[in-house]
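2 protein chains.
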Amino acid sequence: MGIVTCDLAVTLDGLSATADQSLERPFGALDAETLHGWHLEHAAEHRAESDAITAAGAFVMGRNMFDPGRGPFDLSWKGWWGPEPPYRAPVFVLTHHEREPLEMAGGTTFHFVTDGPEAALARAREAAGERDVAVAGGATTVNEYLAAGQIDELRLHVVPHVAGVPGVRLFDGVGPVGWTAVSGRWTPEVTHLVYRR
Amino acid sequence: MGIVTCDLAVTLDGLSATADQSLERPFGALDAETLHGWHLEHAAEHRAESDAITAAGAFVMGRNMFDPGRGPFDLSWKGWWGPEPPYRAPVFVLTHHEREPLEMAGGTTFHFVTDGPEAALARAREAAGERDVAVAGGATTVNEYLAAGQIDELRLHVVPHVAGVPGVRLFDGVGPVGWTAVSGRWTPEVTHLVYRR
Chain L
1115 MGIVTCDLAV
1125 TLDGLSATAD
1135 QSLERPFGAL
1145 DAETLHGWHL
1155 EHAAEHRAES
1165 DAITAAGAFV
1175 MGRNMFDPGR
1185 GPFDLSWKGW
1195 WGPEPPYRAP
1205 VFVLTHHERE
1215 PLEMAGGTTF
1225 HFVTDGPEAA
1235 LARAREAAGE
1245 RDVAVAGGAT
1255 TVNEYLAAGQ
1265 IDELRLHVVP
1275 HVAGVPGVRL
1285 FDGVGPVGWT
1295 AVSGRWTPEV
1305 THLVYRR
Chain Z
1115 MGIVTCDLAV
1125 TLDGLSATAD
1135 QSLERPFGAL
1145 DAETLHGWHL
1155 EHAAEHRAES
1165 DAITAAGAFV
1175 MGRNMFDPGR
1185 GPFDLSWKGW
1195 WGPEPPYRAP
1205 VFVLTHHERE
1215 PLEMAGGTTF
1225 HFVTDGPEAA
1235 LARAREAAGE
1245 RDVAVAGGAT
1255 TVNEYLAAGQ
1265 IDELRLHVVP
1275 HVAGVPGVRL
1285 FDGVGPVGWT
1295 AVSGRWTPEV
1305 THLVYRR
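Chains as they are written, first to last, in my numbering: chain L, 1115 to 1311; chain Z, 1115 to 1311.
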């Protein structure tokens, strides 16, 4: 059986988005360049870490990571990633609203799970088989799984920027945890840090 | 003229002490080994970073970094560091209570400054001459100087532990700031990260 991994790009103050997220600004007051410029603008330099983000056999994500909406789904919305999302595997989206599975090009199918984080993780584990499951975000979802002790490997990508505004911070409500630092790599645009429980 | 530096050992969630600090537990729920084991237990491996912490020509620190008390000073208390503190330079302690300068062995003299952070920094700059001034902590004092844009180089020493309890977090109230990452070094016990404004 694989492990449960989690990749998160965060600011120095631990934010992966600010509270004012919207369709136009999925990261709120942070822009994509600030948080994700390291793999968008420096792809070759960060190929290994970038590829690892989507290497799992199944994914779990929060509703807000899939969709800027909050109520019943707008069925014309098919995620932020265009017709061929990078996951190429089943993605289990945590939501309070029912929706039929959404099959995309390239092997990604979004499944909408209304019975909670534990059920979503169980379904992802089953779908992944021997491969890893990745908790894809956002921070609220990551914190839930961290608090439940269900993330085995946490891979942080820390950018040299302080958000300095409200937002969900990584580790909020998680409680004291000692991690083992297994590897790290510094670059000017991002520091990659890998921790295991 | 030198620059203003700041070294801070922090947990993954940005704490350098928890809210329940006391004489017995200066770091509160965090123990010295968790935050400072990297230089206490692995001194040779971290000699350069450790020496840099006390290399400045003058220092500024908050009252709580000098003294577990809050009211008028107990004059028998001469800091946490024994008869020969590692600073070997003037140290300006921010406080609301008057106290005569306290000269220690090895070149450290504690000066007690009651007219605010700006005055303390000005006095430290004057005392340091061509050398750097270091803001020695704690997090509340660091955040004040960060918010005022007065720290030129921030050196974080990030330990693989989540405090997960209340405390003053680095960057609280500082507002959005972009930093330039100038260097970094990963080790299993701590990641050293150096940022400039």
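We put the beta carbon where it would ideally sit given N, CA and C, even for glycine. Please read all numbers here as calculations on a predicted model, not as lab measurements.
DSSP lists no beta-bridge partner residue for residue 1137 (chain Z). Secondary-structure assignment with DSSP links residue 1306 (chain L) through a beta bridge to L:1271, L:1299. Following the DSSP letters along the chain, one finds residue 1208 (chain Z) in no alpha helix (DSSP H) but inside the beta strand (DSSP E) bounded by residues 1204–1208. Counting of Cβ neighbours within 10 angstroms places residue 1121 (chain L) among the buried residues, the total reaching 16 or more.
For residue 1136 (chain L), the nearest beta carbon of chain Z is not closer than 9 Å to its own beta carbon. Judged by DSSP secondary structure, residue 1151 (chain L) falls within the alpha helix (DSSP H) whose first and last residues are 1146–1154. Identification of chain L residues near residue 1285 (chain Z) by a Cβ-Cβ cut-off of 7 Å yields 1126, 1127, 1276, 1278, ordered along the chain. Residue 1130 (chain L) has a beta carbon lying at 9 Å or more from every beta carbon in chain Z. Less than 9 Å separates the beta-carbon of residue 1176 (chain L) from that of residue 1255 (chain L).
The beta carbon of residue 1309 (chain L) sits closer than 9 Å to some beta carbon of chain Z. Comparing alpha-carbon positions, the option among Z:1150, Z:1274, Z:1151, Z:1248 lying closest to residue 1201 (chain Z) turns out to be Z:1248.
One thing to note: residue 1293 (chain L) has its Cβ no nearer than 9 Å to the Cβ of residue 1305 (chain Z). Annotation for residue 1122 (chain Z): no alpha helix (DSSP H) segment contains it, though the beta strand (DSSP E) segment containing it runs 1118–1124. Residues of chain L with a Cβ closer than 8 Å to the Cβ of residue 1299 (chain Z) are, in chain order, 1300. Residue 1296 (chain L) belongs to the set of residues whose beta carbon lies under 9 Å from a beta carbon in chain Z. Residue environment analysis places residue 1228 (chain Z) among the exposed positions, since fewer than 16 neighbouring C-beta atoms fall within 10 angstroms of its C-beta. In the DSSP annotation of this structure, the continuous segment of the beta strand (DSSP E) that includes residue 1175 (chain L) starts and ends at 1172–1176. DSSP lists no beta-bridge partner residue for residue 1213 (chain Z). Listed along chain Z is no residue with a C-beta nearer than 8 Å to that of residue 1140 (chain L); the closest approach is about 18 Å. When rounded, the separation of the alpha-carbon atoms in residue 1198 (chain L) and residue 1220 (chain L) is 6 Å. CA-CA distance, residue 1148 (chain Z) to residue 1211 (chain L), rounds to 43 Å. With respect to chain L, the C-beta atom of residue 1251 (chain Z) has no partner C-beta closer than 9 Å. If you draw a straight line from the Cα of residue 1310 (chain L) to the Cα of residue 1234 (chain Z), it is about 42 Å long. Interface residue (Cβ-Cβ distance to chain L less than 9 Å): residue 1270 (chain Z) is classified as such. For residue 1281 (chain Z), same chain residues with a beta-carbon under 7 Å away, outside a window of 5 residues either side, are 1129, 1131, 1132, 1133, 1142 in chain order.
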